[in-house]
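Residues in the sequence shown are numbered consecutively from 0, following numbering that gives the first Met the number 0. Working notes, beginning with the structure itself.
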Amino acid sequence: MNRSGISLARTVLVLAPFVLLCGCHGEHPQSALHPAGPGADKIANLWWFLFWTCTLVFLATMALLVTGLFQKPVGDRAVSPLGQRFILFCGIIIPTIVVVAMLIYGLRSTVNLKDARGGLTVEVTAHQWWWDVRYPREKIVTANEIYIPVGEPVRIELKSVDVIHSFWVPNLSGKMDMLPDLKRTFWLRADAPGKYRGQCAEFCGVQHAWMAFWVVALPREEYDQWVADMQQPPPEPRTPEQIRGKKVFFADREAACVNCHAVGGVGGKGAHMGPDLTHIGSRLTIGAGTLPNNHGNLAGWILDPQAIRPGNKMPRIFLKSRELPDLVEYLKILK
Ligand code: CUA
0 MNRSGISLAR TVLVLAPFVL LCGCHGEHPQ SALHPAGPGA DKIANLWWFL FWTCTLVFLA
60 TMALLVTGLF QKPVGDRAVS PLGQRFILFC GIIIPTIVVV AMLIYGLRST VNLKDARGGL
120 TVEVTAHQWW WDVRYPREKI VTANEIYIPV GEPVRIELKS VDVIHSFWVP NLSGKMDMLP
180 DLKRTFWLRA DAPGKYRGQC AEFCGVQHAW MAFWVVALPR EEYDQWVADM QQPPPEPRTP
240 EQIRGKKVFF ADREAACVNC HAVGGVGGKG AHMGPDLTHI GSRLTIGAGT LPNNHGNLAG
300 WILDPQAIRP GNKMPRIFLK SRELPDLVEY LKILK
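Here you go:
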């Protein structure tokens with residue numbers, strides 16, 4: 000290695016611990032190592048168990064290797080009885096015990112995770128590349144956000160309408176694949192209020208990395224208030240801009256929002272193709288976690304969704320100059 004190579008290696012060695020520690024402060028909205036629910040707790044415990052077991056095995060192996068390097072060569076002398084016992088214990092018996100212990104611990108955690116129960120049921124359907132979210136008993140339809148009460152088990156029913164996706168909220172539980180035409184159930188519980196980021200964990204096309212959602216865990220009273228708010232019919236437009244914006248949304252033409260999105264249960268034939276927009280004004284993000292939901296981002300998204308998320312199913316629609324700000328004014332009141 001030349002001199003610059005050596006100094007690069009030194010720099011990497013010095014900086015590596017700091018890089019590793021970068022993730023060790025602040026909030027952790029998407030981290031399997033900061034569990035906030037029983038499912039994630041079991042997975043984190045398993046992770047640490049495997050990590051420390053493998054670390055010990057690695058260090059022991061390296062210690063033996065270094066010891067071996069400083070032994071005098073034995074030539075073709077036969078292995079001594081002590082050496083044979085060493086091979087039997089360290090090469091067969093101890094590795095078998097370690098591997099079986101890891102297997103039993105892993106299987107026990109998996110069995111505990113499958114223990115599905117829960118009072119509240121939420122149906123989540125994956126689409127390329129967003130999440131349809133329904134509360135059948137409460138008759139709520141939303142998208143890309145799941146509100147749950149803190150401390151209560153929630154039953155999640157998962158399916159997909161196109162390819163295989165995977166539902167994953169690292170802080171709350173493990174992953175579950177979402178298969179076309181096959182409903183699977185899953186459960187999770189949040190033990191602390193907060194916002195937890197979820198992410199599709201199965202490659203499902205070009206926008207897979209931008210297929211995110213948020214789980215918002217609220218204390219029971221706040222959750223009940225959220226349900227009551229969601230059950231209200233969408234507000235009617237009041238200002239001239241909002242009234243014109245509603246007309247743009249429901250326009251009777253090929254390139255109109257209503258053809259792919261519904262508001263308050265009213266939508267065209269393809270209204271299941273895009274997220275329900277009844278509560279778009281109160282969502283945290285747009286484009287399934289791609290951008291914060293604010294005036295500028297919403298206008299930019301409508302103007303050219305393909306520039307923000309190339310390959311997504313929303314085409315660029317051509318609006319007249321006044322139509323875009325009017326439409327945004329209308330969408331903002333849908334809370
Ligand atoms: Cu959906 Cu990856």
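Using N, Cα and C, we set each Cβ at its ideal position, and we do this for glycine too. Fair warning: this is a prediction, and the values are worked out from it, not measured in the lab.
- Any heavy atom of the ligand CUA counts here; residues with a Cβ closer than 6 Å to one of them, in chain order, are A125, W128, H164, C199, E201, F202, C203, H207, M210.
- When the Cα atoms are used, C89 and A100 turn out to be separated by approximately 16 Å.
- Per the coordinates, the alpha-carbon of N296 lies some 44 Å from the alpha-carbon of G105.
- Only exposed fits G67, as fewer than 16 other CB atoms lie within 10 angstroms of its CB.
- Contact between Q127 and C53 fails: their C-beta atoms lie close to 37 Å from each other, not under 8 Å.
- A direct Cα-Cα distance of roughly 20 Å separates K334 from P218.
- Cβ neighbours of V226 within its own chain (closer than 6 Å, five residues either side excluded): E137.
- Where L217 is concerned, the enclosing beta strand (DSSP E) starts and stops at 211-217.
- Under the DSSP definition of a beta bridge, S159 partners with A125, P179.
- As for any alpha helix (DSSP H) of minimum length 4 sitting wholly inside the region 41-108, the runs are 80-85, ordered along the chain.
- Under the three-state reduction of DSSP output, E144 falls in the strand class.
- Counting C-beta pairs closer than 8 Å gives fewer than three between the region 190-198 and the region 252-266, which falls short of the contact rule.
- Looking at the DSSP output, G193 shares a beta bridge with A216.
- Between the alpha carbons of S159 and T284 lies a distance of about 22 Å.
- Under DSSP, T238 takes part in no beta bridge, so it has no partner.
- Where H164 is concerned, the enclosing beta strand (DSSP E) starts and stops at 164-167.
- For the 9 Å CB-CB criterion, A35 and L171 form a contact.
- F185 places its beta carbon 9 Å or farther from that of Q198.
- F185 is bridged by DSSP to I155.
- Secondary structure at I316: coil, using DSSP grouped into helix, strand and coil.
- Partner residues in the beta bridge of Q198, as assigned by DSSP, are A211.
- For G286, the closest of A208, R84, R321 by C-alpha to C-alpha distance is A208.
- Put simply, the backbone Cα of L187 is about 26 Å away from that of L290.
- For W130, the beta-bridge partners assigned by DSSP are A125.
- For H294, the enclosing alpha helix (DSSP H) covers residues 294-302.
- Burial state of G273 is buried, judged by a 10 Å Cβ sphere holding 16 or more other Cβ atoms.
- Residue state for L283 is assigned as coil, using DSSP reduced to three classes.
- When I139, H33, V78, L58 are compared, the shortest CA-CA separation from D275 is found for I139.
- Counting every other CB atom within 10 Å of its CB across the protein chains shown gives K41 a total of 16 or more, marking it as buried.
- In the structure shown, V265 adopts extended strand secondary structure according to DSSP, grouped into three states.
- A125 is the residue among A270, A125, I155 whose C-alpha sits nearest the C-alpha of I163.
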